[in-house]
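Student: In this note's numbering, the protein residues as written are 318 to 622.
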Amino acid sequence: MRLQGVSIEAFAKINLGLAVTAARPDGYHDIETLFQSVSLSDTLALAPLESSSGVSLSVHGLSVPEGPDNLAWRAAEAALAEFGCPGVSIDLTKRIPVAAGLGGGSADAAAILVGVDALFDIGAPRDTLLDVAAALGSDVPFMLSGGTALGTGRGENLERLPALSGVWFVLATPRFGVSAGEAYRMARIGLTEPVSFIRVNCLAVREGDIPTLAKGLRNDLEAGVVSACPEVARVKDALLEQGALAAVMSGSGPTVVGLVKDEPAGQSISTRLAGRGWDIHVVAPIDVGQRVTPIENEPRRANSL
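(1) Run through the DSSP bridge pairs and tell me what residue 353 is partnered with.
(2) Given a cut-off of 8 Å, decide if residue 436 and residue 363 are closer than it, judged by their beta-carbon atoms.
(3) Helix, strand or coil, according to DSSP, for residue 583 in the structure here?
(4) Decide if residue 493 is buried, meaning its Cβ has at least 16 other Cβ atoms within 10 Å, or exposed.
(5) Within 10 Å of its beta-carbon, does residue 535 have 16 or more other beta-carbons around it, so buried, or fewer, so exposed?
(6) Hey, could you find the ends of the beta strand (DSSP E) residue 374 is sitting in?
(7) Taking the straight line between their C-alpha atoms, what separation do you get for residue 401 and residue 395?
(8) Report the residue ranges of all alpha helix (DSSP H) runs contained in full by the stretch 438-492; include only those spanning at least 4 residues, in chain order.
(9) DSSP state of residue 387, grouped into three classes?
(10) Is the stretch 363-374 touching the stretch 581-601, taking contact as three or more C-beta pairs under 8 Å?
(11) In the DSSP assignment, what are the bridge partners of residue 320?
(12) Assuming residue 356 and residue 573 are in contact, meaning their beta carbons sit under 8 Å apart, how far apart are those beta carbons, in whole angstroms?
(13) Starting from the C-beta of residue 605, find all residues in its chain whose C-beta is less than 6 Å away, skip the five residues before and the five after it, and write them out in chain order.
(14) With a 10 Å radius around its C-beta and 16 neighbouring C-beta atoms as the bar for buried, classify residue 339 as buried or exposed.
(15) DSSP puts residue 575 in a beta bridge; with which residues?
(16) Note down the Cα distance separating residue 466 from residue 477, rounded to an integer number of angstroms.
(17) Based on Cα-Cα distance, which residue from 349, 398 and 413 lies nearest to residue 380?
(18) According to DSSP, which residues form a beta bridge with residue 646?
(19) Quick check: the Cα distance between residue 378 and residue 425, rounded to an integer number of angstroms?
(20) Leaving aside the five residues before and after residue 449 along the sequence, list all residues of the same chain whose C-beta is less than 7 Å from its C-beta, in chain order.
(21) Pull up the distance between the alpha-carbon of residue 321 and that of residue 366, whole angstroms please.
(22) Would you mind reading off the limits of the alpha helix (DSSP H) that contains residue 544?
(23) So, with DSSP's three-state summary, where would you put residue 368?
(24) By DSSP, does residue 593 sit in helix, in strand, or in coil?
(25) Looking at the secondary structure, which residues open and close the alpha helix (DSSP H) in which residue 425 lies?
(26) Would residue 420 and residue 456 qualify as a contact pair, given that the criterion is a beta-carbon distance under 8 Å?
(27) For residue 405, name the three-state secondary structure that DSSP assigns.
(28) Which first and last residues belong to the alpha helix (DSSP H) in which residue 551 is found?
(29) For the alpha helix (DSSP H) containing residue 516, name the first residue and the last one.
(30) Using DSSP with H/G/I as helix, E/B as strand and the rest coil, what is residue 511?
Structure, rendered in structure tokens:
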């Protein structure tokens, strides 16, 4: 039965530690990072464009571009070109804070690749999807599978880790964006220990050792971002003062992640931080990058006499 469309829940990510190890000749940086998908999500509805080719994008919720400046649009163009598909319409409900270190644009791009594959029944090999994803952005390959993973290189080389449990997170996002490029330009490179703290964090995940994970949280981009945006330090201090087990900036910021033992602890902190001008979300770790729901055409019924 032909699909009328697909609905995709695209999940945000956090970084439970990020080490910047070297600048690269291509202008990027080599990193080691511990990626974790969380339950905050955008929703995308995809359908074929019946009368034209190309991409149509409409956005609800948080404000993002509705044209080629949106990574979801570029992902759709790349998928249509790669798979030889006709046009696609995208309806995006945006909830993941923008330019916040939570990978919202990358999540949407990965969801588009998976959604186009499902909508047109392509059955693309996973390696093909990963190649297209890597060309779109460093975080997009992780967003295809989500869960818990060690990312190296630009973040596109992934080693899957066991699902994380026994912890929740409070995400506190100041209401300004941070450019990833600027965050990396301000990074303090070359300070990572020979035995990477990221590998220690990965071992803690494998062993289910949340206290060790909490002690090992660090982000080499944080100091540079704090020097330009002191509000990030105030957010981190507030999370710790209100009872978070540990706190660290996610990705290129400005979102700060507070580790808590369970949902009630997170909701308690969220209540106490209300009114400070930050967007607060209490989220759980999840083991997927997106969830796809097919929307099928109703079967045609015979006329009754």
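For glycine and all other residues, C-beta sits at the position ideal for the given N, C-alpha and C.
Bear in mind that the values here come from a model prediction, so they are computed numbers and not experimental data.
Tutor: Reading it off the structure:
(1) Counting from one through the sequence shown, the residue named residue 353 turns up at place 36. Bridge partners of residue 353: 331 and 465.
(2) Translated into the one-based positions of the sequence shown, residue 363 becomes position 46. Translated into the one-based positions of the sequence shown, residue 436 becomes position 119. Yes, these two residues count as a Cβ contact at 8 Å.
(3) Along the sequence shown, one-based indexing puts residue 583 at 266. Looking at residue 583 - three-state DSSP - the assignment turns out to be helix.
(4) As a first step, residue 493 must be located in the sequence shown, where it is residue number 176. Residue 493 should be labelled exposed.
(5) Locating residue 535 in the sequence shown gives position 218, counting from the first residue. So residue 535 ends up on the buried side.
(6) Taking the sequence shown and counting its residues from 1, the one referred to as residue 374 is at position 57. Residue 374: member of the beta strand (DSSP E) spanning 372-378, first to last residue.
(7) Here residue 401 corresponds to residue number 84 of the sequence shown, with the count starting at 1. Here residue 395 corresponds to residue number 78 of the sequence shown, with the count starting at 1. Each residue's alpha carbon lies about 10 Å from the other.
(8) 443-453 and 457-462
(9) The residue labelled residue 387 in the question sits at position 70 within the sequence shown. Residue 387 falls in the coil class under three-state DSSP.
(10) Contact between the stretch 363-374 and the stretch 581-601 is absent: fewer than three C-beta pairs spanning the two stretches fall below 8 Å.
(11) Looking up residue 320 in the sequence shown gives position 3. DSSP output for residue 320 lists 613 as bridge partner(s).
(12) To locate residue 356, count along the sequence shown from 1; it is residue 39. To locate residue 573, count along the sequence shown from 1; it is residue 256. At roughly 18 Å, the Cβ-Cβ gap does not stay under 8 Å, so residue 356 and residue 573 are not in contact.
(13) The count along the sequence shown starts at 1 and reaches residue 605 at position 288. The residues are 463.
(14) Position 22 of the sequence shown holds residue 339. It is exposed - the Cβ of residue 339 has fewer than 16 other Cβ atoms within 10 Å.
(15) Within the sequence shown, the letter at position 258 stands for residue 575. DSSP output for residue 575 lists 487 and 564 as bridge partner(s).
(16) Translated into the one-based positions of the sequence shown, residue 466 becomes position 149. Translated into the one-based positions of the sequence shown, residue 477 becomes position 160. C-alpha separation (whole angstroms): 4 Å.
(17) In the sequence shown, counting from the first residue as 1, residue 380 sits at position 63. Nearest of 349, 398 and 413 to residue 380, Cα basis: 413.
(18) The question about residue 646 has no answer, for the chain in this structure spans 318 to 622.
(19) Sequence index remark: in the sequence shown, residue 378 carries index 61 (1-based). Sequence index remark: in the sequence shown, residue 425 carries index 108 (1-based). If I take the Cα positions, the gap works out to 14 Å.
(20) Reading the sequence shown from its first residue, position 132 is the one you call residue 449. The residues are 395, 396, 399 and 430.
(21) For the purposes of this step, residue 321 is taken as residue 4 along the sequence shown, with counting starting at 1. For the purposes of this step, residue 366 is taken as residue 49 along the sequence shown, with counting starting at 1. The C-alpha of residue 366 is placed about 11 Å away from the C-alpha of residue 321.
(22) Here residue 544 refers to the residue found at position 227 of the sequence shown. Per DSSP, residue 544 belongs to the alpha helix (DSSP H) from 539-545.
(23) Position 51 of the sequence shown, counted from the start, is the residue given in the question as residue 368. In the structure shown, residue 368 sits in coil (DSSP, three-state: anything other than H, G, I, E or B).
(24) Along the sequence shown, one-based indexing puts residue 593 at 276. Of the three classes helix, strand and coil, the one that applies to residue 593 here is coil, per DSSP.
(25) Along the sequence shown, read from residue 1 onward, the residue named residue 425 stands at position 108. Taken as a continuous stretch (DSSP letters only), the alpha helix (DSSP H) holding residue 425 covers 421-436.
(26) Here residue 420 is taken as the residue at index 103 of the sequence shown, counted from 1. Here residue 456 is taken as the residue at index 139 of the sequence shown, counted from 1. When the beta-carbon positions are compared, residue 420 and residue 456 come within less than 8 Å of each other.
(27) On the sequence shown, residue 405 is found 88 positions in, with the first residue counted as 1. Three-state DSSP puts residue 405 in a strand.
(28) Start at 1 with the first residue of the sequence shown, and residue 551 comes out as number 234. Run containing residue 551: 548-558, per the alpha helix (DSSP H) assignment.
(29) If you number the sequence shown from 1, residue 516 lands on position 199. It spans 514-524 - the alpha helix (DSSP H) in which residue 516 sits, taken as one unbroken run.
(30) Stepping through the sequence shown from its first residue, residue 511 is reached at position 194. Low confidence applies to residue 511: its pLDDT is 43, below 50, so where it sits in the model is not reliable, and the reading given next is rough at best. Three-state result, residue 511: coil.
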